[in-house]
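For the sequence shown, my numbering assigns the number 931 to the last residue and increments by one with no breaks.
Even for Gly, the Cβ is constructed at its ideal location relative to N, Cα and C.
See structure below.
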Amino acid sequence: MSRKFRPVPHSSGMYSVRGSELARTGNSNPQKIRCVVELLDDSEFIIDLEKDAKGELLLKEVFKHLDLQEKEFFGLHYFAPDSPDNMVWLKDDKLIRKQRKGPTPYIFYFGVKFFVSDPAKLSEDLTRYYFYLQIKRDLLTGRLPSFYDTAAELASYVLQAELGDYDPKLHLDGYVGEFRFIPDQTEDFEERASEFHKHHVGQTPADAEFNYLEVAKNLDLYGVSLHCAQDTQGTDLYIGISALGLTVYHNKCKINFFPWSKVVKVCFKRKRFYIQIRPDWNEWKDNTIAFQMQTYRATKNLWKTCVEYHSFYRTHCPKPMNNRRLFRMGSKYRYKGKTEYQAIEESRSHVRPEPKIVRTLSRRYSKRSDSGTWSRSLRRLDLDREFEKDTSAFIEKHAPPFHYSSAPNSTDKLNRIGNVKRSHSTSANVGGLVKPSHESHKKEGSCDSLDSKGSEGDESKVGNGTTPQEGLINVRMEPDELGRFGFNVQGGFDIELPVIISKIARATPADLCMPQLQEGDEIIYINGQAMKGLTHQEIVDLIRSISCSKNQVLILTIRPNVFASQGARSLAESPENVISPEQYSAAELQHEKQKIAAKQEKVDSRDEEALRVSMEQLRENLESGDLLMYFQELYRKKPGMSMDEARKPENLPKNRYRDILPYDDTRVKLIKGNSDYINANYVNMDIPSRGIVLTYIAAQGPLEKTCKDFWQMIWEKESTLVIMLTTTVERGRVKCHQYWPEGEDTWTFGNLEIICTKIRDFSPSYVYREMYVTDNKSLRSRVVVQLQYLAWPDHDVPEDATDFLEFIHSVRHYREGTSTPVVVHCSAGVGRSGVLMFSETAFNMIEGAEPIYPLEIVRKMRDQRGSLIQTPGQFLFVCEATLKAYDEEVVRPLPRS
Numbered sequence: 035m036s037r038k039f040r041p042v043p044h045s046s047g048m049y050s051v052r053g054s055e056l057a058r059t060g061n062s063n064p065q066k067i068r069c070v071v072e073l074l075d076d077s078e079f080i081i082d083l084e085k086d087a088k089g090e091l092l093l094k095e096v097f098k099h100l101d102l103q104e105k106e107f108f109g110l111h112y113f114a115p116d117s118p119d120n121m122v123w124l125k126d127d128k129l130i131r132k133q134r135k136g137p138t139p140y141i142f143y144f145g146v147k148f149f150v151s152d153p154a155k156l157s158e159d160l161t162r163y164y165f166y167l168q169i170k171r172d173l174l175t176g177r178l179p180s181f182y183d184t185a186a187e188l189a190s191y192v193l194q195a196e197l198g199d200y201d202p203k204l205h206l207d208g209y210v211g212e213f214r215f216i217p218d219q220t221e222d223f224e225e226r227a228s229e230f231h232k233h234h235v236g237q238t239p240a241d242a243e244f245n246y247l248e249v250a251k252n253l254d255l256y257g258v259s260l261h262c263a264q265d266t267q268g269t270d271l272y273i274g275i276s277a278l279g280l281t282v283y284h285n286k287c288k289i290n291f292f293p294w295s296k297v298v299k300v301c302f303k304r305k306r307f308y309i310q311i312r313p314d315w316n317e318w319k320d321n322t323i324a325f326q327m328q329t330y331r332a333t334k335n336l337w338k339t340c341v342e343y344h345s346f347y348r349t350h351c352p353k354p355m356n357n358r359r360l361f362r363m364g365s366k367y368r369y370k371g372k373t374e375y376q377a378i379e380e381s382r383s384h385v386r387p388e389p390k391i392v393r394t395l396s397r398r399y400s401k402r403s404d405s406g407t408w409s410r411s412l413r414r415l416d417l418d419r420e421f422e423k424d425t426s427a428f429i430e431k432h433a434p435p436f437h438y439s440s441a442p443n444s445t446d447k448l449n450r451i452g453n454v455k456r457s458h459s460t461s462a463n464v465g466g467l468v469k470p471s472h473e474s475h476k477k478e479g480s481c482d483s484l485d486s487k488g489s490e491g492d493e494s495k496v497g498n499g500t501t502p503q504e505g506l507i508n509v510r511m512e513p514d515e516l517g518r519f520g521f522n523v524q525g526g527f528d529i530e531l532p533v534i535i536s537k538i539a540r541a542t543p544a545d546l547c548m549p550q551l552q553e554g555d556e557i558i559y560i561n562g563q564a565m566k567g568l569t570h571q572e573i574v575d576l577i578r579s580i581s582c583s584k585n586q587v588l589i590l591t592i593r594p595n596v597f598a599s600q601g602a603r604s605l606a607e608s609p610e611n612v613i614s615p616e617q618y619s620a621a622e623l624q625h626e627k628q629k630i631a632a633k634q635e636k637v638d639s640r641d642e643e644a645l646r647v648s649m650e651q652l653r654e655n656l657e658s659g660d661l662l663m664y665f666q667e668l669y670r671k672k673p674g675m676s677m678d679e680a681r682k683p684e685n686l687p688k689n690r691y692r693d694i695l696p697y698d699d700t701r702v703k704l705i706k707g708n709s710d711y712i713n714a715n716y717v718n719m720d721i722p723s724r725g726i727v728l729t730y731i732a733a734q735g736p737l738e739k740t741c742k743d744f745w746q747m748i749w750e751k752e753s754t755l756v757i758m759l760t761t762t763v764e765r766g767r768v769k770c771h772q773y774w775p776e777g778e779d780t781w782t783f784g785n786l787e788i789i790c791t792k793i794r795d796f797s798p799s800y801v802y803r804e805m806y807v808t809d810n811k812s813l814r815s816r817v818v819v820q821l822q823y824l825a826w827p828d829h830d831v832p833e834d835a836t837d838f839l840e841f842i843h844s845v846r847h848y849r850e851g852t853s854t855p856v857v858v859h860c861s862a863g864v865g866r867s868g869v870l871m872f873s874e875t876a877f878n879m880i881e882g883a884e885p886i887y888p889l890e891i892v893r894k895m896r897d898q899r900g901s902l903i904q905t906p907g908q909f910l911f912v913c914e915a916t917l918k919a920y921d922e923e924v925v926r927p928l929p930r931s
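Pasting the structure below:
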């Protein structure tokens with residue numbers, strides 16, 4: 035028999051726990067929930083919402099409170115003890131009380147969920163300010179590791195934003211110590227930050243914050259979401275998810291990288307997470323890599339993060355879920371928010387007056403007089419154990435040991451990536467690197483791992499544990515995301531040549547390692563294995579096997595600068611390798627010729643295979659869109675290159691565009707005239723495989739007042755070929771002043787007389803003009819050929835590359851036999867001019883069976899004139915034109931003599 039509930043007698047007591055809780059929190063309405071949001075400036079936003087309110091309502095109120103328009107990059111996260119990652123992002127389509135369980139008030143933290151790939155894409159300074167606050171907090175808590183000098187430079191921008199220009203009267207010694215930027219901050223770090231601060235004069239807070247983000251975006255863990263995992267052997271790993279793909283970390287090293295373009299599918303089953311990788315050109319089926327997670331929830335969270343990151347960064351519009359299928363396996367979760375592309379385009383279309391930014395100053399610290407230690411003057415930063423489980427453990431294990439440590443003294447404190455001179459090794463010091471007691475200050479790109487045996491002891495040993503010979507040094511490196519070290523080797527037992535470094539690609543591990551690797555260095559050992567007796571292919575296979583191994587650390591024991599003076603290509607012609615024909619009989623001479631021909635044929639086939647692989651990579655990266663994304667991240671102007679001459683008041687009117695100016699180091703200087711200035715640069719493209727250098731003068735289209743300077747430059751530099759890639763007027767705007775005469779007219783510019791003696795329309799695409807130029811003072815004359823391409827639409831690219839490829843052949847035909855620079859110009863002298871120089875360079879590289887890496891070509895051009903190949907459309911066009919030329923054999927590899 036069931037008991038009925040009876041009211042308690044008067045002698046009994048009753049205590050309302052729920053009522054007291056509501057009274058304590060100030061929310062007496064049981065139909066309301068109180069939410070407390072801690073913002074990035076440590077202030078709090080408190081709001082009462084309906085009991086059945088969803089996450090999107092709270093997000094909306096927070097964004098409204100912050101006056102934030104570009105809100106797709108941000109979110110709210112909260113502490114969840116039962117979650118493997120501790121911090122969980124609030125879902126906007128679910129009830130708040132169903133997610134944030136427990137008594138009110140509910141505590142949330144506002145933060146950046148998706149880090150923009152390039153801060154310059156953001157429209158408002160207010161959005162950048164919140165990014166700046168987030169990264170500053172991540173650096174302080176140790177969540178975002180940084181190299182020593184990079185952290186000091188970042189700290190200097192904070193000082194500039196909060197204190198303004200450096201003033202020795204106001205900023206006395208030790209003023210940096212009033213702030214905290216990194217864990218375990220030292221006086222040496224503060225001194226470095228102060229030195230950087232002195233060089234930021236004139237920057238507004240918005241400028242300093244923008245520069246802060248420009249430096250921070252290059253940090254290794256910028257925008258990376260980390261997740262604990264294990265491989266199938268039980269090795270502890272971390273999987274990092276970013277805009278570029280999935281990265282695997284182990285023991286402080288990045289051991290593998292899977293770009294989104296190579297990932298076919300990600301899936302999970304119980305505690306197993308799977309990545310299906312697209313096969314390479316020499317493989318027949320997809321590769322599937324499995325990882326073991328701690329819990330089912332951790333696995334699903336990792337999978338959801340992959341879905342969100344891929345959808346946000348790699349798609350223009352999220353793919354809708356197909357609900358028409360009657361039966362469906364797996365999760366129905368899909369990312370429903372806006373992508374990065376949509377967020378940026380929407381913010382550009384909804385322009386509003388710049389919102390006011392109320393900047394909050396950093397907390398200050400005071401120094402005790404008794405112990406000399408620093409104490410905090412404001413409340414302790416407490417993020418409710420935000421990073422204790424996942425990311426703090428990662429930093430403790432995987433951050434470089436030199437991350438925030440005291441670095442060796444340096445005379446130049448502003449040299450972030452210093453030029454470290456290499457010295458011969460001794461028993462105590464290899465490569466001239468001085469190692470501090472516990473930590474070492476290294477250059478970005480160097481490898482923190484030790485040799486393949488994992489020994490952390492004496493660095494004076496080569497990879498096999500033996501003491502190196504006199505004059506040898508050790509160079510350590512690990513491959514990049516694509517598994518490449520970035521250098522080529524030449525030589526081997528089969529071709530009877532020593533093994534040397536023949537080429538080093540820029541911004542690769544081989545270029546950034548310390549001690550620095552240089553072309554002409556002789557390789558003696560690779561990971562302790564002697565090169566003596568190994569063929570060229572065996573050496574290449576050995577290096578490739580190391581890049582694919584579990585450790586991935588390459589240790590080169592080299593003899594530096596052995597062939598630096600004569601170059602790698604001249605090695606085979608050195609006297610010790612040349613034998614006089616008199617020493618051979620006729621049969622022996624014929625045998626040697628056949629032997630050399632066989633070797634050359636083997637080298638040619640190997641080179642053609644490398645070219646084919648590079649073209650397949652180019653095709654694949656174009657299809658995936660990766661190449662275009664990397665192109666947009668390239669610098670337009672090389673850092674450190676000055677343009678002071680172009681900015682002089684007397685030279686400013688000679689520039690067609692204010693932002694297209696020549697570098698001082700590579701600019702063309704006029705010999706005669708009132709001024710030596712003209713908006714033009716020398717651009718030299720080296721083709722090592724063919725032993726030639728393509729020389730150009732990239733110039734802007736002449737203005738009416740600079741036609742005289744233009745012809746003076748052609749005359750002084752003895753150029754006989756001018757390439758014009760624009761019409762004089764496009765869409766009603768003058769793109770280039772007509773600098774040549776028509777018909778039987780004779781035009782005079784200073785001492786030069788120009789007559790157009792011949793004009794032919796080879797096709798609707800381009801015009802041939804032949805001009806006779808005479809110097810009236812010396813009575814010398816010269817024929818100058820002008821080729822004008824007419825089929826390039828304004829603000830666009832040609833739909834078909836066929837006509838342009840024919841035009842490149844004509845340019846090459848008229849260049850033959852000349853050693854003087856070819857003058858190339860369009861309107862600004864950077865967009866279409868860069869496309870032509872790229873195309874002709876690629877043609878010569880194909881003929882030399884040299885692998886083509888488009889980003890490296892663009893970078894090399896921009897190192898000599900800024901902004902060459904100006905738009906993504908132009909870059910896409912020239913890459914597709916190069917592929918078309920290769921596929922249709924418009925140009926093909928030539929046999930080597």
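Nearest-angstrom Cβ-Cβ length linking residue i and residue j, presumed shorter than 8 Å
i      : j      : result
Leu755 : Val807 : Not confirmed; about 13 Å, so no contact.
Thr322 : Tyr308 : 6 Å
Met871 : Tyr730 : 6 Å
Asp199 : Val235 : 5 Å
Tyr112 : Leu124 : 6 Å
Thr591 : Leu506 : 5 Å
Residue i classed as buried or exposed, judged by whether at least 16 other C-beta atoms fall within 10 angstroms
i      : result
Ile538 : buried
Pro179 : buried
Ser797 : exposed
Pro906 : exposed
Pro202 : exposed
Arg362 : Per-residue confidence for Arg362 stands at a pLDDT of 48, beneath the threshold of 50, marking its modelled position as unreliable; the derived number appears in the next sentence. Arg362 should be labelled exposed.
Ile712 : buried
Val892 : buried
Reference residue i, options the options, closest by Cα
i      : options                           : result
Leu759 : Trp826, Tyr399, Gly136 and Lys894 : Trp826
Ser151 : Ser77, Leu661, Ala277 and Arg794  : Ala277
Pro888 : Ser867, Ser815, Thr916 and His234 : Thr916
Leu821 : Glu833, Ser799, Gln563 and Arg814 : Ser799
Leu100 : Lys128, Val71, Asp127 and Ala87   : Val71
Ser157 : Val925, Arg382, Arg226 and Ala189 : Arg382
Gly554 : Leu531, Leu737 and Pro594         : Pro594
Glu512 : Ile580, Phe149, Asn522 and Ile169 : Ile580
Backbone CA spacing between residue i and residue j [nearest angstrom]
i      : j      : result
Glu884 : Pro293 : 25 Å
Glu342 : Gly371 : 9 Å
Ile130 : Asn561 : 56 Å
Phe909 : Tyr375 : 19 Å
Ile880 : Pro722 : 12 Å
Leu695 : Arg670 : 12 Å
Ser873 : Ile842 : 7 Å
Leu253 : Asp528 : 43 Å
Ala732 : Lys251 : 32 Å
Val924 : Ser190 : 54 Å
Residue i vs residue j beta-carbon contact at 9 Å
i      : j      : result
Ala835 : Ala876 : no
Ala20  : Tyr691 : Residue 20 lies beyond the stretch modelled for the chain, which goes from 35 to 931, so this question has no answer here.
Ser228 : Val210 : yes
Ile311 : Lys296 : yes
Phe144 : Phe108 : yes
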